[in-house]
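Following UniProt numbering, the numbering of the sequence shown begins with 1 at its first residue and continues without gaps. Where is the CB? At the ideal position from N, CA and C, for every residue including glycine.
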Amino acid sequence: MAAACGLFSRWARKPHPQQGREQRRRKHTAATLVSSGEDTDESSSLRKPVAVDEKEFATVYRRFSPSDEYVDPGLLKKHSDYLSYTTSVTTYPSIRTFFSPHPHMSKLPSKPTPVPMLVFVHGLGGSLAQFHHLLTSLSNVGPCFGIDLPGCGLSKFSPTSWKAYSIEALAELLAVAIEQHRDKDAGQGVILIAHSMGCSLSALLASSTSPVVTALQPQIQGVIAICPKASPPTSKEAALFRKLLCIPTPIFDLWRLWDRRGGIHSKSVTRFVGKDADPDTKQLQVRFNSQSRSAVWRRMAWGTLPTFEGERPIGGMPGQTVWAGIQAPLLLIAGEADTVTKPAEVEKILKFLEDPNTTSITNGDSKNAVIPDAARVQDSKEGVFVDPRAHEEAYGVDTLKSESKDAKSSQGKVVKTRILPDPASHALLYDRATYRTLAGLIQDFLQKHIDHRLSLGWQLQHLNTSGKWDVKNLVKWQKVAPTSSPIADTFIAMKMLRGVDEEHNPVRFSAQWKGKIHAVIDISHENPVYDPNELENGGIHYHKHPTVSKIPPTPDETRDFIGLVDQLEKEISETMKKRVDEATTRPLVGVHCHYGFNRTGFLITSYLIERKGFSVQDAVDEFEKCRPPGIRHAHFIDTLFVRYCVGLKRSTTLE
Numbered sequence: 001m002a003a004a005c006g007l008f009s010r011w012a013r014k015p016h017p018q019q020g021r022e023q024r025r026r027k028h029t030a031a032t033l034v035s036s037g038e039d040t041d042e043s044s045s046l047r048k049p050v051a052v053d054e055k056e057f058a059t060v061y062r063r064f065s066p067s068d069e070y071v072d073p074g075l076l077k078k079h080s081d082y083l084s085y086t087t088s089v090t091t092y093p094s095i096r097t098f099f100s101p102h103p104h105m106s107k108l109p110s111k112p113t114p115v116p117m118l119v120f121v122h123g124l125g126g127s128l129a130q131f132h133h134l135l136t137s138l139s140n141v142g143p144c145f146g147i148d149l150p151g152c153g154l155s156k157f158s159p160t161s162w163k164a165y166s167i168e169a170l171a172e173l174l175a176v177a178i179e180q181h182r183d184k185d186a187g188q189g190v191i192l193i194a195h196s197m198g199c200s201l202s203a204l205l206a207s208s209t210s211p212v213v214t215a216l217q218p219q220i221q222g223v224i225a226i227c228p229k230a231s232p233p234t235s236k237e238a239a240l241f242r243k244l245l246c247i248p249t250p251i252f253d254l255w256r257l258w259d260r261r262g263g264i265h266s267k268s269v270t271r272f273v274g275k276d277a278d279p280d281t282k283q284l285q286v287r288f289n290s291q292s293r294s295a296v297w298r299r300m301a302w303g304t305l306p307t308f309e310g311e312r313p314i315g316g317m318p319g320q321t322v323w324a325g326i327q328a329p330l331l332l333i334a335g336e337a338d339t340v341t342k343p344a345e346v347e348k349i350l351k352f353l354e355d356p357n358t359t360s361i362t363n364g365d366s367k368n369a370v371i372p373d374a375a376r377v378q379d380s381k382e383g384v385f386v387d388p389r390a391h392e393e394a395y396g397v398d399t400l401k402s403e404s405k406d407a408k409s410s411q412g413k414v415v416k417t418r419i420l421p422d423p424a425s426h427a428l429l430y431d432r433a434t435y436r437t438l439a440g441l442i443q444d445f446l447q448k449h450i451d452h453r454l455s456l457g458w459q460l461q462h463l464n465t466s467g468k469w470d471v472k473n474l475v476k477w478q479k480v481a482p483t484s485s486p487i488a489d490t491f492i493a494m495k496m497l498r499g500v501d502e503e504h505n506p507v508r509f510s511a512q513w514k515g516k517i518h519a520v521i522d523i524s525h526e527n528p529v530y531d532p533n534e535l536e537n538g539g540i541h542y543h544k545h546p547t548v549s550k551i552p553p554t555p556d557e558t559r560d561f562i563g564l565v566d567q568l569e570k571e572i573s574e575t576m577k578k579r580v581d582e583a584t585t586r587p588l589v590g591v592h593c594h595y596g597f598n599r600t601g602f603l604i605t606s607y608l609i610e611r612k613g614f615s616v617q618d619a620v621d622e623f624e625k626c627r628p629p630g631i632r633h634a635h636f637i638d639t640l641f642v643r644y645c646v647g648l649k650r651s652t653t654l655e
């Protein structure tokens, strides 16, 4: 998760790789949790964070095995394989490999080269799961790829030799994996999106002055470095770290266990997310800490330490020479409250890069940083924010009014920096207060400075004007009833709207249902085949809450859905108070995936169980009665019964 060197103070933060704490929903509590996606469509991003009472929240988590796929985000689970890679150093026999092709890749222009592949690189002790929110958004912009480094996340801890975990060896592994998945024959480029120590790995791959020489380097079209580390430790610091890393693993584990005293309030958590982070973010940090193996962490940390000739570092974490050799467009992002890799690291890298051929576009003083209004990654309405922590303006992030001129140098080299203001921490990727802003910054940089085809708006316009923007399996979609009857006086289940349809289009739907439906929640994963603004203009709010098809929504996704509906119900109640006509029917909440049966039914029945007091069977029956034939996938119904089984206990998983 963080660059190892110079940050050894955080080593204790890594909790013992024992059982963490997993969210688990019970009747009438404020949080939920289980597996992942479902039906047959998918759409962009924008997760809906929910404010949760901390005391209540703490009671709904249960133990889980760090390797349990149960906690793996549905998007990653759906698109992951376990592959073997061989480098000049060794063979890594089982690496969790994520590859999500762009859903409309074949319909987008491929000349002179295809849309670049977005590669996600996690840091020390981290995993791809930390990129889940970004992946949910960016997987609709371009093809996405990433691996769990060996021993991290769901990758096997093999081999165990220390040389296999040097930063150079890991960089070579990453290059080999990327080359096996990018379209080399078509000349497909690569954009590296990295966090913490992953930024150092990316610098080694992207720099023309790197000691790690690969055929991939000329194909790297951009680097986005989130919470980067600028340089290796000094010789004295490196010597001290080596001594500390020689501590036997059992003692190391005891130190970590001590560091995680206090659960979500422990130093092991606040070190990364800050003391004021919301309970959901803190619990995620507990989970990530629990999944980190001490033996792996020690090897990787050791592998970042250089040797020295005098005071000149050799090998290990890259410094000025490597960073200065990056010629591709570079975006540097840091959090003002980050105590692991401080914002000063960004300033150091910027100085490495400052020369007459570099266009530097910065925020200036980090304390007065001006951040683009990236809240609207997909939605343009403020009503999308359920947790006020996710509303950037309320937390000191101002709308961008001016910026340094974007004129490129004679060599076309562009460097941009962004410092997100306090409370932005090292957990930018998954902190509910910052991940939307981060996604917006990245998308803006991708389309403006790397490839305009990475603009979601451009893609939708291209697909729409070329007649390629439509629902999957149109004949099947046309046979499905547009809407259900009201479900528990709260919901309407519906199939996805279709912009070019004569009947079930957003304009006609809004005219028919205005005042009867307050909002529509789109839980498909891909971008909808209609313009959400047409719903908004017709008086019906639009919210995006993406889930993955064919897999039951995860407990995290379910909890966030319930929180979003709670917020909408409050809005409806406020609206009802203002109405003069007391006979007016209470507006409903529309929910759709693609056809409106499986994912839609799963989330609606979960709400009925948790908020309306239904038993599992009664909730399933209610949905089936109002939206026949009900939830079609038997494993969705099985998951509901398992998740809400009263008294079900989970035993420790042995590895």
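Endpoints, beta strand (DSSP E) assigned at residue i
i: residue 518; result: 517 to 522
i: residue 144; result: 144 to 147
i: residue 93; result: 91 to 100
i: residue 416; result: 413 to 420
i: residue 662; result: Outside the displayed range of the chain (1 to 655) lies residue 662, so it cannot be described from this structure.
i: residue 493; result: 491 to 494
i: residue 120; result: 117 to 121
i: residue 590; result: 588 to 592
Residue span of the alpha helix (DSSP H) that contains residue i, given as start and end
i: residue 270; result: 267 to 273
i: residue 137; result: 132 to 138
i: residue 620; result: 616 to 626
i: residue 435; result: 435 to 449
i: residue 639; result: 634 to 643
i: residue 474; result: 474 to 479
Residue i versus residue j - alpha carbon distance
i: residue 6; j: residue 218; result: Residue confidence is low: residue 6 scores 38 on pLDDT, short of 50, so the model does not pin down where it sits. No coordinate-derived value is stated.
i: residue 573; j: residue 585; result: 12 Å
i: residue 477; j: residue 494; result: 11 Å
i: residue 632; j: residue 436; result: 33 Å
i: residue 551; j: residue 434; result: 27 Å
i: residue 553; j: residue 80; result: 17 Å
i: residue 386; j: residue 560; result: In this prediction, residue 386 scores a pLDDT of 32, lower than 50, which makes its location untrustworthy; no coordinate-derived value is stated.
i: residue 463; j: residue 102; result: 13 Å
i: residue 223; j: residue 241; result: 29 Å
i: residue 326; j: residue 190; result: 14 Å
i: residue 396; j: residue 118; result: Only weak support exists for where residue 396 lies, its pLDDT of 32 falling under 50; the value from the coordinates is given anyway. Residue 396 and residue 118: Cα-Cα distance of roughly 30 Å.
i: residue 641; j: residue 100; result: 30 Å
i: residue 356; j: residue 598; result: Bear in mind that the predicted position of residue 356 carries a pLDDT of just 48, short of 50, making it unreliable; the figure below should be weighed with that in mind. Answer to the nearest angstrom: the Cα atoms are 58 Å apart.
i: residue 168; j: residue 504; result: 55 Å
i: residue 634; j: residue 488; result: 22 Å
i: residue 311; j: residue 237; result: 11 Å
i: residue 288; j: residue 638; result: 28 Å
i: residue 265; j: residue 591; result: 36 Å
i: residue 176; j: residue 352; result: 28 Å
i: residue 157; j: residue 245; result: 18 Å
i: residue 538; j: residue 270; result: 44 Å
i: residue 486; j: residue 513; result: 12 Å
Cβ pair residue i, residue j closer than 7 Å
i: residue 338; j: residue 200; result: no
i: residue 76; j: residue 128; result: yes
i: residue 336; j: residue 343; result: yes
i: residue 206; j: residue 334; result: no
i: residue 187; j: residue 113; result: yes
i: residue 445; j: residue 604; result: no
i: residue 622; j: residue 630; result: no
i: residue 235; j: residue 131; result: no
i: residue 178; j: residue 95; result: no
i: residue 498; j: residue 529; result: yes
i: residue 480; j: residue 607; result: no
i: residue 332; j: residue 225; result: yes
i: residue 221; j: residue 116; result: yes
ask   = Quick one: any contact between the segment 540 to 557 and the segment 513 to 520, if contact means 3 or more CB pairs under 8 Å?
value = yes
query = Hey, which unbroken runs of the beta strand (DSSP E) at 3 residues or more fall wholly within the segment 289 to 345?
reply = The segment 289 to 345 contains these whole beta strand (DSSP E) runs: 307 to 309, 312 to 314, 330 to 335.
request  = Give, in chain order, every unbroken run of the beta strand (DSSP E) that is at least 3 residues long and sits entirely within the segment 507 to 558.
outcome  = 517 to 522, 541 to 544
task = Please confirm if the segment 115 to 131 is in contact with the segment 188 to 200, defined as three or more CB-CB distances below 8 Å between the two stretches.
result = yes
ask   = Would the segment 228 to 238 and the segment 312 to 326 be scored as touching if the rule is three or more Cβ pairs under 8 Å?
value = yes
query = For the segment 442 to 462 against the segment 135 to 147, are there 3 or more C-beta pairs whose distance is under 8 Å?
reply = yes
request  = Count the CB pairs spanning the segment 85 to 101 and the segment 153 to 171 that are closer than 8 Å, and state whether there are at least three.
outcome  = Touching, per the Cβ criterion.
Stretch pair the segment 148 to 160 + the segment 104 to 120: three plus CB contacts closer than 8 Å = no
ask   = What are the complete alpha helix (DSSP H) segments, minimum 4 residues, inside the segment 159 to 234?
value = 167 to 181, 197 to 206
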